[in-house]
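Accompanying notes for the structure given below.
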Amino acid sequence: MMSNQPDNIEQTAARREPMSKMRKAIARMTTQSVQTAPHFYSQIEIDMQRAQTTIADLRARHPDVKVSLLHLLIKACAATLQQYPRLNATLDDETIVYNNEVNIGVVVALEDGMLIPVVRAADKTSLLELATQSASLIERARRQRPNADDLLYGTFTLSNLGKEGPDSFTSIIRPPQSAILSLGTVAERPFVRSGELVVAPTMIATLGVDHRVVDGAQAAGFLLTFKRILESPELATLCD
Numbered sequence: 004m005m006s007n008q009p010d011n012i013e014q015t016a017a018r019r020e021p022m023s024k025m026r027k028a029i030a031r032m033t034t035q036s037v038q039t040a041p042h043f044y045s046q047i048e049i050d051m052q053r054a055q056t057t058i059a060d061l062r063a064r065h066p067d068v069k070v071s072l073l074h075l076l077i078k079a080c081a082a083t084l085q086q087y088p089r090l091n092a093t094l095d096d097e098t099i100v101y102n103n104e105v106n107i108g109v110v111v112a113l114e115d116g117m118l119i120p121v122v123r124a125a126d127k128t129s130l131l132e133l134a135t136q137s138a139s140l141i142e143r144a145r146r147q148r149p150n151a152d153d154l155l156y157g158t159f160t161l162s163n164l165g166k167e168g169p170d171s172f173t174s175i176i177r178p179p180q181s182a183i184l185s186l187g188t189v190a191e192r193p194f195v196r197s198g199e200l201v202v203a204p205t206m207i208a209t210l211g212v213d214h215r216v217v218d219g220a221q222a223a224g225f226l227l228t229f230k231r232i233l234e235s236p237e238l239a240t241l242c243d
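Position 204, counted from 1, in the sequence shown is what my numbering calls 207; the numbers after and before it change by one each time, with no gaps.
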């Protein structure tokens, strides 16, 4: 039987390192996902000028709360999922299960792996409350000391690699969820706004979905709605 390993692996290997428990868990999860869920991806570019202005205004009015762009993105994602509940659903054998809560998992990168703490009822929580709640969740995840239920009950996942991240990237869906949203870094790029070419802060959002549950039209609708919310003059009302 032919091996997938090179013949001289012992000669070329600098060292061997057993996988950590976290690395093994990630390996199991991602392997299960790609082997069972037919992924496809859709992408859209979003003008983030209004979102940045909204966050700046919130920080000025509420200096005691460390609200960030990530919190606004979670809130906008939750509002979009209310309109596209199929992307907040899970697949149980041949039955689509619609969840009555919008619980958004946020990927937190660690030195050798990741944790995904879950912001519960993100659709029903005010932005300022969400900022306070998620800050504690994310800090516990970074210290690798999550509470027992911090990582449970997620219905959708958001991955954002921050200011130093790539322009865009794709992610693997976390079973048994049906979708994951990957948000690239916000950067100044050429962008057409109101028919004019300008340089604007934009973000590329990439949606990965399980084609067993979600079709292309629903994925496109989700992204267009997410974009419309973030670019809308009424964005500030989402923060109430």
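Cβ coordinates follow ideal geometry from the N, Cα and C atoms, glycine included.
Bear in mind the structure is a predicted one, so any value in this text is a computation, not a measurement.
N-terminal and C-terminal residue of the alpha helix (DSSP H) that residue i is part of
i	result
Ser139	130-145
Arg31	24-39
Gln85	72-86
Gly224	219-234
Arg64	52-64
Pair within 8 Å by beta-carbon distance, residue i and residue j
i	j	result
Arg145	Val189	no
Leu140	Pro120	yes
Gln180	Tyr87	no
Phe159	Leu238	no
Gly116	Ile29	yes
Ser137	Asp243	no
Val68	Thr135	yes
Ile107	Leu61	no
Glu234	Arg26	no
Gln147	Leu113	yes
Residues near residue i by beta carbon distance below 6 Å, same chain, minus five either side
i	result
Ala124	Glu104
Ser36	Ile175, Ile176, Pro178
Met4	At Met4, the pLDDT of 46 sits below 50, so the modelled position is not reliable; the number obtained from the coordinates is stated separately. Once the five neighbours on either side are set aside, Met4 has no close Cβ partner at all.
Residues near residue i by beta carbon distance below 7 Å, same chain, minus five either side
i	result
Met254	Outside the modelled stretch of the chain, which goes from 4 to 243, sits residue 254, for which no answer is possible.
Asn163	Leu73, Leu76, Leu186
Ala82	Asp126, Ile232, Leu241
Phe43	Val212, His214
Own chain partners of residue i with C-beta closer than 8 Å, once the 5 adjacent residues on each side are dropped
i	result
Val100	Ala92, Thr93, Leu94
Val201	Pro193, Phe194, Val195
Arg143	Pro120, Pro149, Asn150, Asp153
Gln55	Leu72, Val189, Pro204
Leu155	Val121
Leu226	Ser45, Gln46, Ile47, Ala208, Leu210
Val70	Ile58, Leu61, Arg62, Leu130, Leu131, Ala134
The beta strand (DSSP E) enclosing residue i, as first and last residue numbers
i	result
Glu199	199-213
Asn163	159-163
Gly108	107-109
Gly116	116-118
Arg196	190-196
Leu94	93-95
Leu184	182-186
Ile99	98-100
Below-8 Å beta-carbon distance, residue i vs any chain D residue
i	result
Gly211	Included in the structure is just one protein chain, with no chain D present.
Quiz item: Would the region 39-49 and the region 218-231 be scored as touching if the rule is three or more Cβ pairs under 8 Å?
Solution: By the Cβ criterion, the region 39-49 is in contact with the region 218-231, since at least three pairs of Cβ atoms, one from each stretch, lie closer than 8 Å.
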